[in-house]
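Take a look at the structure set out below.
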Amino acid sequence: MTDRVVDLRSDTITKPVVAMRLAMASAEVGDDVYGEDPTVRALEDRIADLLGHESGLFTPSGSMANQLAIRLHVEPGQELIADELAHVLRAEMGAAAVFSGISSRSWAAPRGLLDPAAPLRMMQPDAGTYQVSTKAIVVENTHNFGGGTVQPLEAIRALREATRPLGVAMHLDGARLWNAHVATGIELSAYGQQFDTVSVCLSKGLGAPVGSVLVGSRDLMAQARVWRKRYGGGMRQAGILAAGGLWALDHHIERLADDHTRARTFSEAVASRFPAVIDPAYVQTNIVMAEVGQTGWTAAEFVAAAGQRGLMIFAVNETAVRLVWHLDVDDADTAYAADLMNTMLAEGAQRP
Ligand SMILES: Cc1ncc(COP(=O)(O)O)c(C=O)c1O
Numbered sequence: 116m117t118d119r120v121v122d123l124r125s126d127t128i129t130k131p132v133v134a135m136r137l138a139m140a141s142a143e144v145g146d147d148v149y150g151e152d153p154t155v156r157a158l159e160d161r162i163a164d165l166l167g168h169e170s171g172l173f174t175p176s177g178s179m180a181n182q183l184a185i186r187l188h189v190e191p192g193q194e195l196i197a198d199e200l201a202h203v204l205r206a207e208m209g210a211a212a213v214f215s216g217i218s219s220r221s222w223a224a225p226r227g228l229l230d231p232a233a234p235l236r237m238m239q240p241d242a243g244t245y246q247v248s249t250k251a252i253v254v255e256n257t258h259n260f261g262g263g264t265v266q267p268l269e270a271i272r273a274l275r276e277a278t279r280p281l282g283v284a285m286h287l288d289g290a291r292l293w294n295a296h297v298a299t300g301i302e303l304s305a306y307g308q309q310f311d312t313v314s315v316c317l318s319k320g321l322g323a324p325v326g327s328v329l330v331g332s333r334d335l336m337a338q339a340r341v342w343r344k345r346y347g348g349g350m351r352q353a354g355i356l357a358a359g360g361l362w363a364l365d366h367h368i369e370r371l372a373d374d375h376t377r378a379r380t381f382s383e384a385v386a387s388r389f390p391a392v393i394d395p396a397y398v399q400t401n402i403v404m405a406e407v408g409q410t411g412w413t414a415a416e417f418v419a420a421a422g423q424r425g426l427m428i429f430a431v432n433e434t435a436v437r438l439v440w441h442l443d444v445d446d447a448d449t450a451y452a453a454d455l456m457n458t459m460l461a462e463g464a465q466r467p
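For the sequence shown, our numbering begins at 116 and goes up steadily by one.
Pasting the structure below:
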């Protein structure tokens, strides 16, 4: 056992810094269900503007923002399509089926990377009376279970151009769009304008405790406001939460580059000894996927043993683990994680 704990399970585990807490404590508030919270309004307007859309809606979570968008674009009995690793399909507890009666299909996408040919091949915008009609495509950027993959803007544009005349909506799950923006220098609005709706999260790399924002046209957001209330997501003096988000926009976007550098440094340190475990060429942002399965460990065993030595990570399947860099991890933590990872991978070879 060790006293040191480095928690790389997710960038959702960050705790709000003192200055953020102070901004939250002094936020101006009102009843947001009545549309009277000025801080929530300020956050919604600011994010809509950043993403090149007319209007925004504050939600308690990224999952709710995604599910509201899906509900707006797809009617019960119709379908959404997304890649097989998409958060909306894998990690939102079947919400589109449970709440909205929506059917879904997926395409294979190594590392979550978007190849527009795949959705274009499978979608059926108007399948008549015999098959299910495709009404929305969800794209995730950056891609979580893909390993922080940044989607090429050209691929998104190609998909948009092909789907627009067919009336198939596009939603961007931009929980980590901030990371894509910082990694590429591409404006948030350049990504945002390719989509009918975009969700972004404040509670991941940006370090706010709660909250996401969905953006789209004024009309779509008016409908989303009704559905948010219906789903139980209408909040009252939510400006206290929105103030954390506003503070994060001012102070925590550019610093995401530090998370990317540390993830890269870690991956190079491990790849220099175990090139089959991590390919640094695939480490584009703050997420690292490590294939520990060939080294004598299962992912679950590796996660348990690393946890005992103070490194908390996440098993994504039977053979791979995920490590995510964030605000509460520094250079020394990164070096510790790399040393421990290399030691454990070397030990794997001795395991029975
Ligand atoms: C890509 C992606 N989309 C959506 C979400 C959902 O966010 P929340 O946990 O706030 O519901 C997550 C959460 O990790 C995510 O990684």
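Idealized CB from N, CA, C, for every residue including glycine. The structure presented is a predicted model; accordingly, all values stated were derived computationally and were not measured.
According to DSSP, residue pairing for Thr-264 in a beta bridge involves His-258. In this structure, the straight-line span from the alpha carbon of Leu-183 to that of Ile-271 is close to 22 angstroms.
In this structure, Pro-191 sits away from Gly-227, with a CB-CB distance that is not shorter than 7 angstroms.
Listed in chain order, the non-local C-beta contacts of Gly-411 below 6 angstroms within the same chain comprise Gly-463, Ala-464, Arg-466, local neighbours out to five positions each way being set aside. DSSP places Ser-304 within a helical segment (H, G or I) once states are collapsed to three. In this structure, Ala-358 lies away from Thr-174, with their beta-carbon atoms at least 7 angstroms apart.
According to the DSSP assignment, Thr-413 belongs to no alpha helix (DSSP H), since it is labelled neither H nor E. DSSP places Ala-358 inside the alpha helix (DSSP H), whose first and last residues are 354-366. Residue state for Leu-235 is assigned as helix, using DSSP reduced to three classes. Considered as a whole, the region 152-202 harbours 170-174, 194-198 as its complete beta strand (DSSP E) runs of no fewer than 3 residues, in chain order. Counting other Cβ atoms within 10 Å of its Cβ, Val-283 reaches 16 or more and is therefore classed as buried. In this structure, DSSP gives Ser-221 an extended state, which the three-state scheme calls strand. Taking 6 angstroms as the cut-off, one finds at least one heavy atom of ligand 1 near enough to the beta carbon of Asn-259. DSSP, read as helix, strand or coil, puts Phe-214 in helix. Put simply, the region 137-151 does not touch the region 289-301. Fewer than three CB pairs are less than 8 angstroms apart. Leu-137 counts as exposed, since fewer than 16 other beta carbons sit within 10 angstroms of its beta carbon.
For Val-385, there is no enclosing beta strand (DSSP E); the residue is part of the alpha helix (DSSP H) that begins and ends at 371-386.
Within the model, the alpha-carbon separation for Ala-211 versus Arg-220 is close to 12 angstroms.
With contacts defined as CB atoms closer than 7 angstroms, Ile-428 and Gly-262 fail to qualify as a contacting pair. Within the model, the alpha-carbon separation for Arg-275 versus Val-436 is close to 33 angstroms.
Glu-199 has its Cβ no nearer than 6 angstroms to any heavy atom of ligand 1.
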